[in-house]
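In the working numbering, the protein residues as written are 282 to 563. Scroll down for the structure; my scribbles are underneath it.
In C-alpha cells:
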C-alpha cells in the first residue's frame, strides 16, 4: 500500500466492503492512517439506482439516519464499525455486494466525490479482501478505472481448514462480469521494460541514449520514422515509451548530469513478466 505522507489538505480515503470480517476491515485502516472510511454495507433490496450514493445520509451522526440498519449487522460487523470510528470518520453506504455494477458504481462515485486522481483531490484506496468475490472485483475494477490503489489483506489465521473440506458446496448461480478494456503496454514498451530489468539485474545503470541505441539495433517500431535525427529519436522514446511507462509508475527518471537515468520500478518489473509474452508474438 502507498504509505507516503499526504499533503496537508489531502486525506486518505478508504472503501471497504463490510463483509463477514472484522480485523481485515479495521487493521489496514488503523495501520495506514485512514482519515475517512466508506464501509459498504450489504443491502440487496436497497433504494436507489446502481451506483447511487447518498453522501448526506452517509455522514449522519445518528445511525438511524444513515440508510443502513445496524440491527441487520452481526456483532463483529458492528464492532468493526465502532472500532474504525475511534480513529477515522466512518461513512456507511448501503450496497448490493452481490451486484458488481452497484459496487463498481458506488466506488467510482466516491472517487469522483473526493476528486481522486486529481492534483487537489484525496488519495483513495480500496480493500478487495473483505467482501464476497463479486464485491472484490467491483472495487478492484473501480480502482483501476479511477487510478486509485486497491489492496489485499492476508489474514494471520483462517478459521476454516481448507485441507479438510472445501470452503463451499453447491452452486446457486453464476454471474457475468463487465468487460472494461485496460491499456496493456505495447510490445516496444515491454521490450524496454525487459532491457531495464536485464541491466538492473547486472547492476548497470541505463540512460536514454543507451535505450535508443539498443532499440535501434533491434528494430523497435517507435524509431521507424525518426531518420538520423537524435532529437527525433529522443522525442520518439519519450512520447511512445517512457512517458506512458512513467505515468503508470513502471519506470522512474533520475536527472544525472546531462542525461536522465531510467530506473525500473518494482511494479514495472511485475508488469514485464505479466506481458513478456508480447515479445514472443513478434
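Quick reminder that beta carbons are idealized off the backbone N, C-alpha and C, glycines included.
Local conformation of residue i per DSSP, three classes
| i | result |
| --- | --- |
| residue 400 | coil |
| residue 436 | coil |
| residue 319 | strand |
| residue 289 | Any reading at residue 289 must be qualified, since the residue scores a pLDDT of 48, below 50, and its modelled position is unreliable; the value itself is stated next. Residue 289: coil per DSSP, three-state reduction. |
| residue 313 | coil |
| residue 249 | Only positions 282 to 563 of the chain appear in the structure, and residue 249 is not among them; the question remains open. |
| residue 304 | helix |
| residue 295 | strand |
Classification of residue i by the beta-carbon crowding that lies within 10 angstroms, buried from 16 upward
| i | result |
| --- | --- |
| residue 549 | buried |
| residue 295 | buried |
| residue 410 | buried |
| residue 325 | exposed |
| residue 364 | buried |
| residue 396 | exposed |
| residue 323 | buried |
| residue 367 | exposed |
| residue 305 | buried |
| residue 511 | exposed |
| residue 301 | exposed |
| residue 408 | buried |
| residue 350 | exposed |
| residue 380 | buried |
| residue 445 | exposed |
| residue 469 | buried |
| residue 312 | exposed |
Rounded Cβ spacing between residue i and residue j (contact assumed at less than 8 angstroms)
| i | j | result |
| --- | --- | --- |
| residue 393 | residue 429 | Wrong, their Cβ atoms sit about 11 angstroms apart, outside the cutoff. |
| residue 341 | residue 318 | With 8 angstroms as the limit, residue 341 and residue 318 do not qualify as a contact, their Cβ atoms being about 15 angstroms apart. |
| residue 416 | residue 431 | Rounded, the Cβ-Cβ distance is 12 angstroms, inconsistent with contact. |
| residue 321 | residue 418 | In fact, because the Cβ distance is near 13 angstroms, the residues do not count as touching under 8 angstroms. |
| residue 532 | residue 477 | 7 angstroms |
Distance cut-off 7 angstroms: residue i Cβ against heavy atoms of the ligand GTP
| i | result |
| --- | --- |
| residue 352 | In the structure shown, the ligand GTP is absent, as is every other ligand, since no ligand is present at all. |
Hey, is the stretch 416-434 in contact with the stretch 329-338, meaning 3+ C-beta pairs nearer than 8 angstroms?
no
Can you give, in chain order, each stretch of the alpha helix (DSSP H) that sits fully within the stretch 455-502 and has at least 4 residues?
468-482 and 489-498
4-residue-minimum alpha helix (DSSP H) runs that sit fully inside the stretch 329-413, ordered along the chain:
336-339, 356-365 and 381-394
Under 8 angstroms: do the stretch 487-495 and the stretch 514-528 share three or more Cβ pairs, one atom per stretch?
yes
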